[in-house]
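Student:
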Amino acid sequence: MVLQREATIDRLDRPSAYYVGKNKKRRYNSDRDDADRQDDPTSSLKNATTLYVGNLSFYTTEEQIHELFAKCGEIKRLVMGLDRFHKTPCGFCFVEYYNHQDALDCLKYIGGTKLDERIIRTDLDPGFEEGRQYGRGKSGGQVRDEYREEYDPGRGGYGRAYEEQRKREEEDYGKGR
Numbered sequence: 001m002v003l004q005r006e007a008t009i010d011r012l013d014r015p016s017a018y019y020v021g022k023n024k025k026r027r028y029n030s031d032r033d034d035a036d037r038q039d040d041p042t043s044s045l046k047n048a049t050t051l052y053v054g055n056l057s058f059y060t061t062e063e064q065i066h067e068l069f070a071k072c073g074e075i076k077r078l079v080m081g082l083d084r085f086h087k088t089p090c091g092f093c094f095v096e097y098y099n100h101q102d103a104l105d106c107l108k109y110i111g112g113t114k115l116d117e118r119i120i121r122t123d124l125d126p127g128f129e130e131g132r133q134y135g136r137g138k139s140g141g142q143v144r145d146e147y148r149e150e151y152d153p154g155r156g157g158y159g160r161a162y163e164e165q166r167k168r169e170e171e172d173y174g175k176g177r
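Below is the structure:
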């Protein structure tokens, strides 16, 4: 009888929830040819040199990010996440290193630290592709910022959907409804 030990801590080089969800097979597509799709989402991250960095302030600059992340290794490329419509920063970026070990060091030492009074999160990414620098939300920013109900000055105030609802309620209140 062989006993398998369960890890007590999460691996640092695990894929992000977004990446796993994006790559899992859908039931309604099972009849389609899935030969090009990989079974193991971690296989493309084995030698990944790119990091996704999230929960940044909208006011964090490329220079601040470069200064912090260069402490773990030489940076090959830095791509700021932008609002799709306004082309302003929207709270995430991609940092590409020259080698995999520098990316892992960054996960270990910089992930979970504070930058501009915000705790940033880092995840390994299979690689930056053109078009991924834009937010995926309806209003052009990040999806998570659409429905945020608390006020967050570092990320533009209230969530956009919540702000619109608040404005409608204020207008209705002013009209006596």
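Just so we're aligned, residue 1 is where the sequence shown starts under the UniProt record's numbering, counting upward by one.
For every residue, glycine included, the Cβ atom is placed at its ideal position computed from N, Cα and C.
Note that the structure is predicted; figures quoted are calculated from it, not measured.
Determine the extent of the beta strand (DSSP E) in which Ile120 is found, giving its start and end residues.
Tutor: Note, Ile120: premise wrong, no beta strand (DSSP E); not H, not E.
Student: Apply the 10 Å Cβ neighbour rule to Tyr97 and answer buried if 16 or more other Cβ atoms are within range, or exposed otherwise.
Tutor: buried
Student: Within 10 Å of its beta-carbon, does Tyr173 have 16 or more other beta-carbons around it, so buried, or fewer, so exposed?
Tutor: exposed
Student: By the DSSP assignment, the beta strand (DSSP E) with Ile75 in it spans what residues?
Tutor: Annotation: the continuous beta strand (DSSP E) that includes Ile75 extends over 75 to 82.
Student: According to DSSP, is Glu129 helix, strand or coil?
Tutor: Glu129 carries a coil assignment under DSSP once its states are collapsed to helix, strand and coil.
Student: Would you mind reading off the limits of the beta strand (DSSP E) that contains Phe85?
Tutor: No residue range can be given for Phe85, since it is assigned to no beta strand (DSSP E) and is classified by DSSP as neither H nor E.
Student: Can you check whether the CB of Phe94 is closer than 8 Å to the CB of Thr50?
Tutor: Yes, they are a contact pair.
Student: Tell me the rounded alpha-carbon separation between Asp31 and Gln101.
Tutor: Residue placement at Asp31 is poorly supported in this model, since its pLDDT is 49, which falls under 50; the coordinates are not used for a value here.
Student: So, with DSSP's three-state summary, where would you put Lys167?
Tutor: The answer is helix: DSSP assigns Lys167 an H, G or I state.
Student: To the nearest angstrom, how far is it from the Cα of Asp105 to the Cα of Cys72?
Tutor: 6 Å
Student: Roughly how many angstroms separate the alpha carbons of Leu107 and Leu78, rounded to a whole number?
Tutor: 16 Å
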